[in-house]
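Residues 214 to 356 (the working numbering) make up the sequence shown, in order. Don't be surprised by glycine CBs; every beta carbon is placed ideally from N, CA and C. Please read these numbers as outputs of a predicted model, since none were measured by experiment.
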Amino acid sequence: MYPLLDSSRIADHLPQAPPIVMIDNLWYSNETATRTSLLIRPGMLFVKGDRFTEPGLMENIAQTAAVRAGYYHKNRQEPVPLGFIGAFKDLEIFELPEVGTEIFTEVRLKQEVLDICIFEGIIKAEDIVLARCEIKIFVVQNP
């Protein structure tokens, strides 16, 4: 199976730019769910010692939600909208992944009202849940 987007094209679908990009591949994205992956590498932003830290996990979830919007709009030849994190709710981090671990992140749309989207996010490494939360994102359409 090949990703919809790989690391050579993912940044074009996000408002973030390297070294802040915390996604390597987009595996699928539809109206309600989006799945991405990231290989934790030495020297990455948010890596401390041999672990990917809590802010990195949070940013990875937020970018998985953002790439959903970017992929949708780019496929329609529209500009990638900006998104701003409104809140994380019920954030639970069970384990910090080590360098060399590939994490898979999925966000599921729970509710969308006007320019506010609420997602459930979960990060796994193999079958182990590393983190989960609810995230609220405000989307700003580009003029």
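Annotation: the continuous alpha helix (DSSP H) that includes L270 extends over E267 to K287. Taking 8 Å as the cut-off, the beta carbon of L343 is found no closer than this to the beta carbon of K349.
Contact check for I298 against A282 fails: the beta carbons are separated by 8 Å or more.
The Cβ atoms of W240 and L270 do not sit closer than 8 Å to each other. Counted as a single uninterrupted DSSP element, the beta strand (DSSP E) harbouring Y241 occupies residues N238 to S242.
The segment 305-321 makes contact with the segment 252-260; the number of CB pairs closer than 8 Å reaches 3 or more.
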